[in-house]
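Taking the numbering used here as reference, the numbering of the sequence shown is continuous, increasing by one, and the terminal residue is 378. Where is the CB? At the ideal position from N, CA and C, for every residue including glycine. Please read all numbers here as calculations on a predicted model, not as lab measurements.
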Amino acid sequence: MPPPASTAPDLAAHTVPEFGQLEGFAPPRVTASLAPPIGHEKALATLQAARQQDRLHHAWLITGPLGIGKATLAYHFAGQLLNDPHAARQIASSTHPNLRCLSRPFNEKTKKFAAAIPVAEIRQIKAFLAATAAQEGYRVVLVDQADDLNVSAANALLKMLEEPPELTVFMLISSEPGRLLPTIRSRCRTLALSPLAPPALEKALLMAYNTAHLPPPEGEALAQIMALSHGRPRRALEMSTDSGRELMAQLLGIFSALPALDYRQVHALADKVTIAGAERDFEMLITLLLDLIHRLIRSMMTKDPNEQAGLSAQAPLAALERPLSRLKDPGSMIHWADLWRELVKENQMTAALNLDKRNFLIFCFDRLHTTARQTMG
Numbered sequence: 002m003p004p005p006a007s008t009a010p011d012l013a014a015h016t017v018p019e020f021g022q023l024e025g026f027a028p029p030r031v032t033a034s035l036a037p038p039i040g041h042e043k044a045l046a047t048l049q050a051a052r053q054q055d056r057l058h059h060a061w062l063i064t065g066p067l068g069i070g071k072a073t074l075a076y077h078f079a080g081q082l083l084n085d086p087h088a089a090r091q092i093a094s095s096t097h098p099n100l101r102c103l104s105r106p107f108n109e110k111t112k113k114f115a116a117a118i119p120v121a122e123i124r125q126i127k128a129f130l131a132a133t134a135a136q137e138g139y140r141v142v143l144v145d146q147a148d149d150l151n152v153s154a155a156n157a158l159l160k161m162l163e164e165p166p167e168l169t170v171f172m173l174i175s176s177e178p179g180r181l182l183p184t185i186r187s188r189c190r191t192l193a194l195s196p197l198a199p200p201a202l203e204k205a206l207l208m209a210y211n212t213a214h215l216p217p218p219e220g221e222a223l224a225q226i227m228a229l230s231h232g233r234p235r236r237a238l239e240m241s242t243d244s245g246r247e248l249m250a251q252l253l254g255i256f257s258a259l260p261a262l263d264y265r266q267v268h269a270l271a272d273k274v275t276i277a278g279a280e281r282d283f284e285m286l287i288t289l290l291l292d293l294i295h296r297l298i299r300s301m302m303t304k305d306p307n308e309q310a311g312l313s314a315q316a317p318l319a320a321l322e323r324p325l326s327r328l329k330d331p332g333s334m335i336h337w338a339d340l341w342r343e344l345v346k347e348n349q350m351t352a353a354l355n356l357d358k359r360n361f362l363i364f365c366f367d368r369l370h371t372t373a374r375q376t377m378g
């Protein structure tokens with residue numbers, strides 16, 4: 002059911018880009034103001050119980066795969082801590098006086114997000130905490146994502162965690178907690194979230210589309226999106242956009258043609274997703290490529306790949322299974338596993354060293370071609 006007209010957020014009113022927000026969809030702070038986080042009821046109950054028992058830790062590290070709803074959970078619980086009649090609406094509009102959110106800042110001149118959260122952002126939080134609370138009760142500092150803190154910012158945050166102000170709760174969101182300082186992790190209580198089960202994932206998607214006043218995907222299109230999203234609502238939304246569906250169709254076409262490979266098609270695809278402004282499409286293409294290879298490997302290990310993916314065996318995934326079924330020789334599993342590990346490693350290196358993305362994509366498809374020829378003859 003769509004939210005009542007009186008509480009539905011005005012997406013057009015939020016003109017400043019937020020890091021990680023999908024164009025056309027509500028950001029987590031808005032989603033959190035509409036309803037409790039879908040699929041993370043147990044995690045929310047843990048936070049609520051800690052508060053009710055007067056055992057609320059001053060710092061929480063909310064972990065889990067990227068895009069499963071960590072920020073939505075954090076914003077929703079922040080609204081419960083900042084208990085006043087206007088908290089939800091103020092959080093949705095980023096105007097609550099006792100809440101501050103840190104993320105990679107947007108540069109209006111370059112129209113790009115910073116590569117990391119700088120120490121200047123932490124200094125603003127220090128000033129916020131040093132001031133008298135605008136309203137009685139808790140103050141909340143939400144860091145999304147804490148993985149993005151640069152070294153100076155991480156050390157400055159650590160000092161705050163070591164000597165937290167009274168009635169202040171830090172909520173650190175992390176998709177890769179191993180990247181955080183061990184001393185930061187040790188001062189937080191960890192709350193690990195898991196990917197959503199299919200019913201919860203579908204419910205989250207419908208809510209996101211209703212909020213954005215868009216028609217949701219249905220039938221086989223919905224089943225494909227759920228199969229490749231691995232319980233992550235954000236990834237499902239990315240793949241349900243026009244560009245996401247187009248990338249998925251092109252990639253499935255490439256897999257269907259293996260062991261043959263049209264390098265003209267590959268070069269055109271690489272050109273398309275590596276131009277300025279196409280960063281999200283590049284990341285989506287890499288994610289889909291790795292997911293398809295991973296799904297292929299898992300399907301070699303079981304008679305029911307849908308069950309391994311946490312899906313119903315009746316899910317209509319013919320468009321996925323047709324291209325993959327031709328590659329399912331159990332004896333070739335080691336080759337595909339080696340390919341997956343190699344591409345994951347190269348992807349991490351490309352990101353860490355800011356290497357040429359187009360060359361990396363050509364390398365990926367060349368290795369895909371080589372592996373298919375080795376295993377299919």
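> Skipping 5 residues on each side, what residues in its chain have a beta carbon closer than 6 angstroms to that of Thr184?
Replying inline: Leu159
> Can you tell me where the alpha helix (DSSP H) with Arg368 in it begins and where it stops?
Replying inline: Lys358 to Met377
>> My parser needs the beta strand (DSSP E) runs of 3 or more residues fully inside the stretch 69-139; what are they?
In response: 100-103
>> Could you check whether the stretch 78-88 touches the stretch 198-205, counting it as contact only if at least three pairs of C-beta atoms, one from each stretch, sit closer than 8 angstroms?
In response: no
> Hey, Phe129 and Ala60 are a contact pair by Cβ (cut 8 angstroms); roughly how many whole angstroms apart?
Replying inline: Not confirmed; about 16 angstroms, so no contact.
> Under the three-state reduction of DSSP, which class applies to Asp55: helix, strand or coil?
Replying inline: coil
>> Which residue wins for smallest C-alpha separation from Thr212, given the options Ala33, Glu19, Glu343 and Gly21?
In response: Ala33
> From this set, Leu168, Glu284, Ala353 and Thr376, which residue's C-alpha is nearest Ala1's C-alpha?
Replying inline: Since the first and last residues shown for the chain are 2 and 378, residue 1 lies out of range.
> For Asp282, which three-state DSSP category applies?
Replying inline: helix
> Would you say Thr169 and Arg188 are within 8 angstroms of each other, going by their C-beta atoms?
Replying inline: no
> Along the chain, where does the beta strand (DSSP E) that runs through Thr242 open and close?
Replying inline: Per DSSP, Thr242 belongs to no beta strand (DSSP E) and is neither H nor E.
> Using the rule of at least 16 other Cβ atoms within 10 Å of the residue's Cβ for burial, across every protein chain shown, is Thr96 buried or exposed?
Replying inline: exposed
> From the DSSP output, which residues share a beta bridge with Ala193?
Replying inline: Thr64
> CB Asp145 to CB Glu177, shorter than 8 angstroms?
Replying inline: no
>> For Thr169, list the residues DSSP reports as bridge partners.
In response: Arg140
> Straight-line CA distance for Leu202 to Arg236?
Replying inline: 11 angstroms
> For Ser175, which residues does DSSP report across the bridge?
Replying inline: Thr64
> If we ignore side chains and look at the alpha-carbon of each, how far apart do Ala162 and Ser175 end up?
Replying inline: According to the sequence provided, residue 162 is Leu. The question's Ala does not apply to it. Taking the straight line from one Cα to the other gives about 16 angstroms.
> Can you list, in chain order, the residues of its chain whose CB lies under 6 angstroms from that of Ile126, leaving out five sequence neighbours each side?
Replying inline: Arg101 and Val142
>> Under 8 angstroms: do the stretch 240-249 and the stretch 73-84 share three or more Cβ pairs, one atom per stretch?
In response: no
>> Between Ala93, Leu182, His268 and Pro29, which has its C-alpha nearest Arg359's C-alpha?
In response: His268
>> Rounding to the nearest angstrom, what Cα-Cα distance links Ala154 and Glu122 in this structure?
In response: 8 angstroms
> What does DSSP give as the partner residues of Asp145 in its beta bridges?
Replying inline: Ile174
>> So, under 8 angstroms CB-CB, Pro430 and Asn151 are touching, yes? Tell me the CB distance rounded to an integer number of Å.
In response: There is simply no residue 430 to check, as the chain begins at 2 and stops at 378 in what is shown.
> Which one of His58, Gly65, Gly70 and Lys204 has the shortest CA to CA distance from Glu164?
Replying inline: His58
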